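Here's the structure, in structure tokens; my notes come after.
2 protein chains.
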Amino acid sequence: MASRAKATILDIAREAGVSKSTVSLVLQGSGLIRPETALKVRKAIEDVGYVYNRSAANLRKAHSNVIGMVINDLTNPFFAEMAVGMERVFQSAGIVPFIANTAENPVRQEEVLKSLMEQGVAGLIVSPARGTTPGAFRRIETAGLPIVFTMRRLPESRIPVIAPDNHRGAKLATAHLIGKGHRRLAFFGGSSDLVVYHERLGGFREACEALGIASRDTLVVEGETSRRGGIACLETALAMAEPPTAALCFNDAVAFGVMLALRKRGLEPGADFAVVGFDDVVEAQHYMPALTSVAVDSAGLGERAAHVMLKMIQSRTTRAEDHIGAVNLVVRDSCGPDRRAGMGDAA
Amino acid sequence: MASRAKATILDIAREAGVSKSTVSLVLQGSGLIRPETALKVRKAIEDVGYVYNRSAANLRKAHSNVIGMVINDLTNPFFAEMAVGMERVFQSAGIVPFIANTAENPVRQEEVLKSLMEQGVAGLIVSPARGTTPGAFRRIETAGLPIVFTMRRLPESRIPVIAPDNHRGAKLATAHLIGKGHRRLAFFGGSSDLVVYHERLGGFREACEALGIASRDTLVVEGETSRRGGIACLETALAMAEPPTAALCFNDAVAFGVMLALRKRGLEPGADFAVVGFDDVVEAQHYMPALTSVAVDSAGLGERAAHVMLKMIQSRTTRAEDHIGAVNLVVRDSCGPDRRAGMGDAA
DNA sequence: TTGATTTATTGGAACGTTCCATTTATAGGC
DNA sequence: GCCTATAAATGGAACGTTCCAATAAATCAA
Chain A
1 MASRAKATIL
11 DIAREAGVSK
21 STVSLVLQGS
31 GLIRPETALK
41 VRKAIEDVGY
51 VYNRSAANLR
61 KAHSNVIGMV
71 INDLTNPFFA
81 EMAVGMERVF
91 QSAGIVPFIA
101 NTAENPVRQE
111 EVLKSLMEQG
121 VAGLIVSPAR
131 GTTPGAFRRI
141 ETAGLPIVFT
151 MRRLPESRIP
161 VIAPDNHRGA
171 KLATAHLIGK
181 GHRRLAFFGG
191 SSDLVVYHER
201 LGGFREACEA
211 LGIASRDTLV
221 VEGETSRRGG
231 IACLETALAM
241 AEPPTAALCF
251 NDAVAFGVML
261 ALRKRGLEPG
271 ADFAVVGFDD
281 VVEAQHYMPA
291 LTSVAVDSAG
301 LGERAAHVML
311 KMIQSRTTRA
321 EDHIGAVNLV
331 VRDSCGPDRR
341 AGMGDAA
Chain B
1001 MASRAKATIL
1011 DIAREAGVSK
1021 STVSLVLQGS
1031 GLIRPETALK
1041 VRKAIEDVGY
1051 VYNRSAANLR
1061 KAHSNVIGMV
1071 INDLTNPFFA
1081 EMAVGMERVF
1091 QSAGIVPFIA
1101 NTAENPVRQE
1111 EVLKSLMEQG
1121 VAGLIVSPAR
1131 GTTPGAFRRI
1141 ETAGLPIVFT
1151 MRRLPESRIP
1161 VIAPDNHRGA
1171 KLATAHLIGK
1181 GHRRLAFFGG
1191 SSDLVVYHER
1201 LGGFREACEA
1211 LGIASRDTLV
1221 VEGETSRRGG
1231 IACLETALAM
1241 AEPPTAALCF
1251 NDAVAFGVML
1261 ALRKRGLEPG
1271 ADFAVVGFDD
1281 VVEAQHYMPA
1291 LTSVAVDSAG
1301 LGERAAHVML
1311 KMIQSRTTRA
1321 EDHIGAVNLV
1331 VRDSCGPDRR
1341 AGMGDAA
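So the sequence lines, in the order shown, correspond to chains A and B. Using our numbering, read the first sequence as starting at 1 and increasing by one per residue. Using our numbering, read the second sequence as starting at 1001 and increasing by one per residue.
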């Protein structure tokens, strides 16, 4: 055990009675080597317990076969689903994605990006942490390293983005709520330092306006994008003089929180208060009641991001088109009609 | 932009008018350098847009500051929670963990491990994929690379394991069920190629035996460790002549599936059929009804695994003690008394 | 046979760091 | 002023690959 000084290609060469260059060629699967020689070498590789040293190789070769995937919140199942989509396409391209979590912390993100770059990754797929400064990716851009954003974009950045059509999704969901008869609507969760927030809120507002809901009848409550945030939003909203009867939530986690808080107050989500989520994570359909949500096809976005990255690497460019993924509203059981319309409120 | 030929410490040296050795020293934060010189160098580093090349450094230095974390199912929130725990301790040690997903695929696992090793990681924390062959980690062991398993162990391996006390957890949960008056019990989900499965099932059996449940009154249904698996298990069980009235599930995902399937049949989880989960993921407390589950402290296990790894790296050993984490049963609302047994207890 | 071609193999010079052994500059003691 | 001790900076040899240019061996055309 504690095997002394790890084996190098020179050890293999000695063992197999060939030159180091031959070994190198075999390792790269070159067709130039006579099959019997290759076999001999491969045997020697086994015998000495050799581990390829990519650091050494990277010193000469331009780039590695690893790409970094930087995610802002690993505990959000949404990102796990996206990661799985990416992995599917990278795997078939012989690329190994390494995932790193920033936990929404820009400082941590800085460290992670630095580490990934030092490691010599071939490209970066990033879902930026909240509060990322515009200059945070300058380094990477000047290094000419391919990078694509997923889900979130930065205010004024030329980096390509793969994201769902947030604006349309929010419009769809809001129209659904209004169609159910709701007249006092809320938008729950998220915060204005996120571009996505503005997109979704924009869709919400546009639908309200188009369908004749006065802006004084809309309520916007910022908050954490988590269950806890949802709970807080609902509390705030119900404390108002004329509380809303329905809410579009920034994402499913917030929606789950809202439903939880409703239950705690003895209100039935869906019947007493309508709620729509965003993202349509797998749990959405298993909740009680099942959550109506805007499906964004997370795995599909992941695949798309991976494809774009692959293309950028191959064509050694750092430019690419944005990609706005289609969305659709999945109607389940969390939005009944407005009950109070007509008869004051019961709560 | 597109700055060709990336800058090296030689470029910095030229820019700052010092030698490459000096630059290297500054990079490592050596106290040997005069502060003004260091400042000058640091400025030059900024100016040329330098990116540290860890590959080159690794060629001389023994090991890097990255450790690999290989996970068998990223979409299981349990692992995300564990990952977060690990990250907490690694971060403060200046180590960046790279996460890779194997999706329960031993072949993929092989690739991932290879890639991580080539990358020159300082250590590996692995939750092995189902169906991993005993020899899969031979390579890593002979290379003298520190490795620890989490959650799962391999049949006959000397690699240290960080895992919860599965046996005790299952016993606790089963005793709880029996205490509620249930006499026909099931164990749902998991499969016998997992050591964990035998541990949990063993605890279940031991409790049954100790508390006077005949083994013909117990039912064991293997199945996927997912919601889907849970649904299937329940269907199978209810199709029996004398179906069980309560089940211990292999993990929370299975339990969620069971509850879902119960609802679909018009049965109320908790009242009509008792179910207890394993792992106590965050969703457990938010479910309807809230799920009684064996809490294993996932984040704590992650932290512990990280600490063990850190110690192994520092003491450059490849040995470490196993660590069996404490468990406790969190009683919520998913297990009522057995209704069919006359009247059982009043709780 | 001889030279030309093709097929296999090989030595050596990079790649960008680290680190040891030196050198050079600075300060102190007398 | 000289010698010594300390502080600061430096050159050069690794580290384990890749890749080019060169060589050696085998094949072929004449």
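Positions of the beta carbon are idealized from the N, C-alpha and C atoms, including for glycine. Here the structure is a predicted model, which means the values were calculated and not measured.
Using a Cβ cut-off of 8 Å, pull out every chain B residue sitting near A/L260, in sequence order please. H1286
Are the CB atoms of B/R1228 and B/G1203 within a distance shorter than 8 Å? no
Can you find the residues in the same chain that come closer than 6 Å, C-beta to C-beta, to A/V330, ignoring five residues on each side of it along the sequence? D280, S293, A295
If you run the structure through DSSP and keep just helix, strand and coil, what is A/M1? A caution first: A/M1 carries a pLDDT of 39, below 50, which makes its placement in the model unreliable, though a value can still be read off. DSSP places A/M1 in coil when its eight states are reduced to three.
Considering only DSSP beta bridges, list what A/V221 is partnered with. A/F188
Please tell me whether B/N1072 has its Cβ less than 8 Å away from any Cβ of chain A. no
Give the single residue among A/Q314, A/V282, A/V196 whose Cα lies nearest to the Cα of A/N65. A/Q314
Would you kindly report the start and end of the unbroken alpha helix (DSSP H) that includes B/P1077? 1077-1092
How long is the line joining the alpha carbons of B/H1176 and B/E1283, rounded to whole angstroms? 21 Å
CB contact below 8 Å: B/G1181 versus chain A: no
Which first and last residues belong to the alpha helix (DSSP H) in which A/S115 is found? 106-118
Alpha carbon of A/L116 to alpha carbon of A/G68, nearest angstrom: 6 Å
Any chain B beta carbon closer than 8 Å to A/T75: yes
Run of the alpha helix (DSSP H) containing B/F1256, from where it starts to where it stops: 1252-1264
Give a yes or no on whether the minimum CB-CB distance between B/E1081 and chain A is below 8 Å. yes
Would you check if the region 174-192 of chain A and the region 320-327 of chain A touch, i.e. whether three or more CB-CB distances between them fall below 8 Å? no
Buried or exposed by the 16-neighbour rule on C-beta atoms within 10 Å, applied to A/K171: buried
Along the region 1113-1127 of chain B, what residues have a CB closer than 7 Å to any CB found in chain A? S1115, M1117, E1118, Q1119, G1120
What does the alpha-carbon distance come out to for the pair B/A1271 and A/R263? 19 Å
Partner residues on chain B for A/A143, Cβ-Cβ distance less than 8 Å: S1003, K1006, G1049, V1051
8 Å Cβ cut-off: residues of chain A touching B/V1066: S115, Q119
Touch test, the region 1184-1194 of chain B against the region 1231-1249 of chain B, Cβ-Cβ under 8 Å, three pairs minimum: yes
Using a Cβ-Cβ cut-off of less than 8 Å, list which residues of the region 168-201 of chain A approach chain B; keep chain order. none
For B/P1269, count the other beta carbons within 10 Å of its own beta carbon; 16 or more makes it buried, fewer makes it exposed. Which is it? buried
Reference B/T1317, options B/T1022, B/F1090, B/G1123, closest by Cα: B/G1123
Does B/I1099 come within less than 8 Å of chain A when only Cβ atoms are used? yes
What is the DSSP secondary structure of A/T37, counted as helix, strand or coil? helix
Contact under 8 Å by Cβ, B/D1193 with B/G1131: yes
Taking all protein chains shown into account, decide if A/V275 is buried (16 or more other Cβ within 10 angstroms of its Cβ) or exposed. buried
Determine, using beta carbons only, whether A/P77 and A/E87 come nearer to each other than 8 Å. no
Do we get a CB-CB distance below 8 Å when we pair B/E1036 with the residues of chain A? no
Quick check: A/V148 and A/Q109, are their CB atoms within less than 8 Å of each other? no
Kindly indicate if chain B contains any beta-carbon less than 8 Å away from that of A/L234. no
Show which residues of chain B have a CB atom less than 9 Å away from the CB atom of A/L59. N1053, S1055, A1056, L1059
Nearest candidate by alpha-carbon position, reference B/A1093, set B/G1257, B/V1051, B/V1308: B/V1308
Residues in its own chain within less than 6 Å of B/G1026 by CB, not counting five upstream and five downstream? The amino acid at residue 1026 of chain B is misidentified as Gly; the sequence shows Val. Here the set comprises I1033, A1038, V1041.
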